[in-house]
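As they're listed, the protein sequences go chains A and B.
Everything in the first sequence is counted per my numbering, starting at 30 for the first residue and increasing by one.
Everything in the second sequence is counted per my numbering, starting at -6 for the first residue and increasing by one.
In this text, a Cβ means the ideal position worked out from N, Cα and C, and glycines have one as well.
Keep in mind the model is a prediction, meaning the values are calculated, not measured.
Step one of this worksheet: look at the structure below.
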Amino acid sequence: MKPNQLEQIIKELHVEAYIWARQCCNFQDWLAKDVLQQVYLKILENKAKFNGDSSLKTWLFSVIRYTAMENIKKELRVYPLEDGAEVRFDEDVKPEINHEKLIRQLPDKQREVLLLVFYHGLTLEKASKVMGVHLGTARTHYDRAKKNLKQLILKIKANEQSG
Amino acid sequence: MSSQGDLEYKKLDLFFSEWKEKDRKLAIPEFEINKESNFRIWKWLPLGIAATFFLALWMLQSDEKDFNLEKDMVIIQLIENENQEQLFFIESKSSLDVWEAPSSSLLTEF
């Protein structure tokens, strides 16, 4: 693919890319902007190469995820929840649904797979490629995530009715 | 997919649809690839060198003292040109550049 052609497609995916970068950066706008700029630079300098194994969106999303993780580890020292960690149900969840706050209560992998499938419309197979895990593992995270998010939503609904 | 699973899927889909709707109000930064971001510091290097050079030049020149005179002065010089002809140069000045010799003048010594 020619550089100009690649730049054009990336430009078309820019809004989705920014939203995904923001979701990977714990919803911090300044960090998302920085990460996205680093990603574009990596692509421009050929440090991240698209080899056509997957769709361009899948590839771009995986570069964003990797770059965001690098930045978070380096600068913020955020410790992700372990895979088998229990979901923490905040007692002070307000009746109005705060989507970002709610999704942050899920472990990293569960959050990622839900965002990729439901928010960004990727198939589970493509989501597993972005996350760099096997399809079976992605499916396990997906099932657990759905169950946990449903519980969180139900809890809010219960709060709404009682309040 | 079972009807229970369908319902579950629809609930989650609704949750994310609402979220996407909310995110439409997000301020998305302009698409720009900053090709020079890594070389920002090098861009200032020539400017820094030039500024240092001009500063040094200015400091050297400022050593020469320029005195304002109380009255205008007429300077008459007798200069010999390349044809061995002697010519008078007359000029009027209101200021005078003073050059001080590093050693004492012969006139004051003797």
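Using the Cβ count rule (16 or more neighbours within 10 Å means buried), how would you classify B/SER67?
Note that residue 67 of chain B corresponds to Val in the displayed sequence, not to Ser. By the neighbour-count rule (16 or more Cβ atoms within 10 Å), B/VAL67 is not buried but exposed.
What's the call for B/ILE72, buried or exposed, on a 16-neighbour Cβ count within 10 Å?
exposed
Look up B/VAL67 in the DSSP assignment and give the residues it is bridged to.
B/SER85
Does the distance from the C-beta atom of A/VAL44 to that of B/ILE21 stay below 8 Å?
yes
Count the other CB atoms, across all protein chains shown, that sit within 10 Å of the CB of B/PHE8; report buried if there are 16 or more and exposed otherwise.
buried
What does the alpha-carbon distance come out to for the pair B/ASP(-1) and B/LEU5?
10 Å
Looking only at C-alpha atoms, which of A/TRP88, A/ASN127, A/VAL64 and A/GLY81 sits nearest to A/LYS102?
A/VAL64
Look at the alpha carbon of A/GLU189 and the alpha carbon of A/ARG51, and state the distance between them as a whole number of angstroms.
29 Å
If we call anything under 8 Å between Cβ atoms a contact, is A/TRP49 one with A/ILE93?
yes
Quick one: Cα of B/ASP65 to Cα of B/ASP90, how far?
14 Å
Using the Cα positions of B/GLU1 and A/LYS179, report the straight-line distance between them to the nearest angstrom.
8 Å
Give me the chain B residues within the contact set of A/VAL44, using Cβ-Cβ distance strictly less than 8 Å, ordered along the chain.
ILE21
Between the segment 41 to 56 of chain B and the segment 77 to 85 of chain A, are three or more C-beta pairs nearer than 8 Å?
no
Please report how far the alpha carbon of A/LEU181 lies from the alpha carbon of A/LEU131, in whole angstroms.
7 Å
CA-to-CA distance, B/TRP37 to A/GLN66, given in whole angstroms
In this model, A/GLN66 and B/TRP37 are separated by some 22 Å (Cα to Cα).
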